[in-house]
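What follows is a set of notes on a single structure, which appears directly below.
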């Protein structure tokens, strides 16, 4: 089963954009679902100063929030981090 990642983000957030770019640059790239927190007041209240937030979706539709991803992780280091957290594209 392919891992699906949910990225809680907001427009104009350079950290959010950077994480999205680094995730999409992986080979293979994970399945990525973007959620704009500013489109939902409850999500905005929960994640306002925390974005970007990465979560792993499960088969039942729930999600498990992952630890904060260091902006220094790229390429193989980011792939290894995802694997350690059960979120590699092939997980």
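In my numbering, the protein residues as written are 1 to 91.
Glycine residues also receive a C-beta, built at the ideal position from the N, C-alpha and C atoms.
Three-state secondary structure assigned by DSSP to residue i
{"i": "residue 33", "result": "strand"}
{"i": "residue 55", "result": "strand"}
{"i": "residue 6", "result": "strand"}
{"i": "residue 73", "result": "coil"}
{"i": "residue 68", "result": "coil"}
{"i": "residue 88", "result": "coil"}
{"i": "residue 45", "result": "helix"}
Cutoff 8 Å: residue i Cβ touching any chain D Cβ
{"i": "residue 65", "result": "The chain inventory of the structure shown lacks chain D, comprising one protein chain alone."}
Boundaries (first-last residue) of the alpha helix (DSSP H) holding residue i
{"i": "residue 14", "result": "14 to 24"}
{"i": "residue 39", "result": "Taken as a continuous stretch (DSSP letters only), residue 39 belongs to no alpha helix (DSSP H), as it is neither H nor E."}
Boundaries of the beta strand (DSSP E) in which residue i is found, first to last residue
{"i": "residue 64", "result": "63 to 65"}
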